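So the structure is just underneath, and the comments pick up after that.
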Amino acid sequence: MWAAHDPASTRAVDHGPRANFLKKYRTRRPDGVAAVVSGTVTDTDKAALKVYVEGLAAVAVGRLNRPEQLAYWINLYNALTVRVMLDH
């Protein structure tokens, strides 16, 4: 499964919903670390993040080229991390 990829693929995963979420809720702490201001996230934006993650679950990752796979896995990991944080 991890070796599957398509070097000729031009498919691109839309990470726009995650980027929009970060534009609204990401901030820089005084120490320079990026953080999500979780207390201000609306229910609508929580639902949009959930839809984004569900959409990623439907992607045929093995049909992507390696750079697109890397972006996929990084964005999925980060989106799931934010979802867990918001849920708890």
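Throughout the sequence shown, residue numbering follows our numbering, covering 275 to 362 in sequence. C-beta: ideal position from N, C-alpha, C; glycine also. Model, not experiment: these values are computed from the prediction.
Legend entry - Between the CA atoms of P281 and R337 - distance to the nearest angstrom: For this step, residue 337 is matched to residue 63 along the sequence shown. For this step, residue 281 is matched to residue 7 along the sequence shown. So the two alpha carbons sit approximately 9 Å from each other.
Inset, instruction - Specify whether the stretch 302-311 and the stretch 343-354 touch according to this definition: at least 3 beta carbon pairs, one from each stretch, less than 8 Å apart. - result: no
Legend entry - Secondary structure of T314, DSSP reduced to three states: Within the sequence shown, residue 314 is the residue found at index 40, counting from 1. T314 falls in the helix class under three-state DSSP.
Inset, instruction - Apply the 10 Å Cβ neighbour rule to L330 and answer buried if 16 or more other Cβ atoms are within range, or exposed otherwise. - result: Along the sequence shown, read from residue 1 onward, the residue named residue 330 stands at position 56. Counting Cβ neighbours within 10 Å, L330 comes out buried, since at least 16 surround it.
Legend entry - Residue closest to D288, alpha-carbon to alpha-carbon, out of Y299, R340, V327 and A277: The residue you call residue 288 lines up with position 14 of the sequence shown. Looking at the Cα atoms, V327 is the closest of the given residues.
Legend entry - Rounded straight-line distance, which links the Cα of T316 to that of G241: Because the chain is modelled from 275 through 362, residue 241 falls outside the range shown and cannot be assessed.
Legend entry - Three-state secondary structure (DSSP) of A353: Here residue 353 refers to the residue found at position 79 when the sequence shown is read from its first residue. Three-state DSSP puts A353 in a helix.
Inset, instruction - May I ask you to report which of helix, strand or coil DSSP gives A332? - result: To locate residue 332, count along the sequence shown from 1; it is residue 58. Coil, per DSSP.
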